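Only one structure is covered here, and it is reproduced in the block below.
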Amino acid sequence: MFNWGFIGSGTICKNVSKQLLKNKKHKISCVWSRTYEHANAFAKSISAKTYKTINELLNDKTLDAIYIGTPHSSHFKYAKMALERGIPVLLEKAFTLSYENTLKLLEIAKKNNTYICEAMWTWFSPVALTVKEWFSANKIGKPLTMRSNFCVPTFFRKKERIFNKLYGGGSLLDLGIYPIAYAYNLFGYPDDIKASAKMKNGVDLDCKITLTYNSGLICELRSSINRLGSCSTTIIGENGKIKVPAPMHCSRKAFLKGKENIKYHDSYPFGLYENEFNLVEEEIKQEKKESSYVPFSSTLNVMKIIEEIKKQIGLSYDEANSL
Ligand SMILES: NC(=O)c1ccc[n+]([C@@H]2O[C@H](COP(=O)([O-])OP(=O)(O)OC[C@H]3O[C@@H](n4cnc5c(N)ncnc54)[C@H](OP(=O)(O)O)[C@@H]3O)[C@@H](O)[C@H]2O)c1
45 MFNWGFIGSG
55 TICKNVSKQL
65 LKNKKHKISC
75 VWSRTYEHAN
85 AFAKSISAKT
95 YKTINELLND
105 KTLDAIYIGT
115 PHSSHFKYAK
125 MALERGIPVL
135 LEKAFTLSYE
145 NTLKLLEIAK
155 KNNTYICEAM
165 WTWFSPVALT
175 VKEWFSANKI
185 GKPLTMRSNF
195 CVPTFFRKKE
205 RIFNKLYGGG
215 SLLDLGIYPI
225 AYAYNLFGYP
235 DDIKASAKMK
245 NGVDLDCKIT
255 LTYNSGLICE
265 LRSSINRLGS
275 CSTTIIGENG
285 KIKVPAPMHC
295 SRKAFLKGKE
305 NIKYHDSYPF
315 GLYENEFNLV
325 EEEIKQEKKE
335 SSYVPFSSTL
345 NVMKIIEEIK
355 KQIGLSYDEA
365 NSL
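Numbered according to our numbering, the sequence shown terminates at residue 367, and the numbering increases by one at each position without gaps.
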């Protein structure tokens, strides 16, 4: 049995726990969250223990790893505390609020010889890994254009963390990070980055990004928390096309049209969070310190692209003074 400690008790922690606990080999042994009553209600629902302070949770010697599912603004602080105690960490995206702090956190992990991985679940998923294989096998020839959007209006849900700058809100860190990571993981670091955004109260509501490569490839990406739009990814190459239907970041299907036509549906029996946790558990048991699914270079370079976009659209966060 592998013992997870959960930091946070909101949407993602609940959704992850529902999938994980369907497979009896996973265990969430304890929970800590900002509000004790929320942590306790969540912990009770999954038969876990509640800790009153994060230090108590991090001092639990039975833990094998922790999962951090709190707002972006608190990731650096909690992940640092765990790494300094040598506890492996699976940390929700976006890793931190800045490239600089992402770099710092990875240095802390290396110094403490402790595993940390960004919970970018897309890149553990059979569909994204299959799409990557299609590229390696040159199935659509030279890539020419990519369009990838993640536009989900969320204003009616009144979810404070998504709109509040002090929580690291905005469409870029919440949704835009997925199309960016998709482009980076397929094509590498772009030669040019252009971005524009509609801003409100210091966060981006709607962000348009163009990544250009010297090969001629152009990736047009968009994220939005105030407009309904597509959530799919299409890539066109000289000899064919790949479509990843919505939701692009966790799709269970991908279609290849070219010399070969393939309709790929993954056959994984559980949900994709469960898949991610399984693979992370395996890596931690193998005493790896860096994930091969989401290597440090991916987390860092995606944050570097985001840093350039932040500069262009006038988005800045103050990690030291956030919530
Ligand atoms: N992988 C995915 O598919 C996916 C999907 C959604 C979100 N996410 C990521 O998951 C993270 C959380 O998102 P969410 O939608 O679950 O947020 P949420 O529903 O607002 O839940 C956030 C949780 O964190 C706790 N919290 C808030 N501020 C805190 C602080 N300063 N210190 C400690 N705990 C704090 C809240 O505490 P209390 O309730 O205890 O006060 C709540 O339990 C974000 O990084 C987001 O990008 C990932």
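Even for Gly, the Cβ is constructed at its ideal location relative to N, Cα and C.
No experiment lies behind these values; they were computed from the predicted model shown.
Under the DSSP assignment, Trp178 falls outside any beta strand (DSSP E), being part of the alpha helix (DSSP H) whose first and last residues are Pro170 to Ser180.
Approximately 6 Å separates the beta-carbon atoms of Ile286 and Val175; this is inside 8 Å, confirming the contact. Under the DSSP assignment, Pro291 falls outside any beta strand (DSSP E); it carries neither an H nor an E label. Here Ala138 has His116, Leu217 and Ile221 as same chain residues with Cβ atoms under 6 Å from its own Cβ, once five neighbours each way along the sequence are excluded. For His309, the shortest C-beta to heavy atom distance toward ligand 1 is 7 Å or greater. Below 8 Å, too few C-beta pairs join the region 123-130 and the region 296-307 to call them touching: fewer than three. A check of alpha carbon separations from Ser268 across Met292, Ala241 and Tyr257 identifies Ala241 as the nearest. With a threshold of 7 Å, the Cβ atom of Asp248 does not count as near ligand 1, since no heavy atom of the ligand is closer than that.
Counted as a single uninterrupted DSSP element, the alpha helix (DSSP H) harbouring Val346 occupies residues Phe340 to Ile357. Around the beta carbon of Pro223, 16 or more other beta carbons lie within 10 angstroms, which makes this residue buried. Here DSSP, grouped into helix, strand and coil, assigns Tyr111 to strand. Under the three-state reduction of DSSP output, Met190 falls in the strand class.
Under the rule that a run must span 4 or more residues, the alpha helix (DSSP H) segments found entirely inside the region 92-168 read 98-102, 119-127 and 143-155. Three or more beta-carbon pairs drawn from the region 45-58 and the region 104-111 are found closer than 8 Å, and the two stretches are therefore classed as touching. For the 8 Å CB-CB criterion, Glu318 and Lys66 form a contact. A contact between stretches requires three or more CB pairs, one per stretch, nearer than 8 Å, and the region 168-188 fails this requirement with the region 73-83. The beta strand (DSSP E) runs lying completely inside the region 244-305 and spanning 3 residues or more are 247-256, 262-268, 277-281, 284-288 and 297-301, given in chain order. Residue state for Asn208 is assigned as coil, using DSSP reduced to three classes. When secondary structure is reduced to three states using DSSP, Tyr308 falls in the strand class. Between Gly273 and Ser336, the alpha-carbon positions lie close to 32 Å from each other. Annotation for Gly49 indicates a beta carbon at 7 Å or more from all heavy atoms of ligand 1.
In its chain, beyond the 5 residues on either side, Lys137, Ala225 and Val338 have a beta carbon closer than 7 Å to the beta carbon of Met164.
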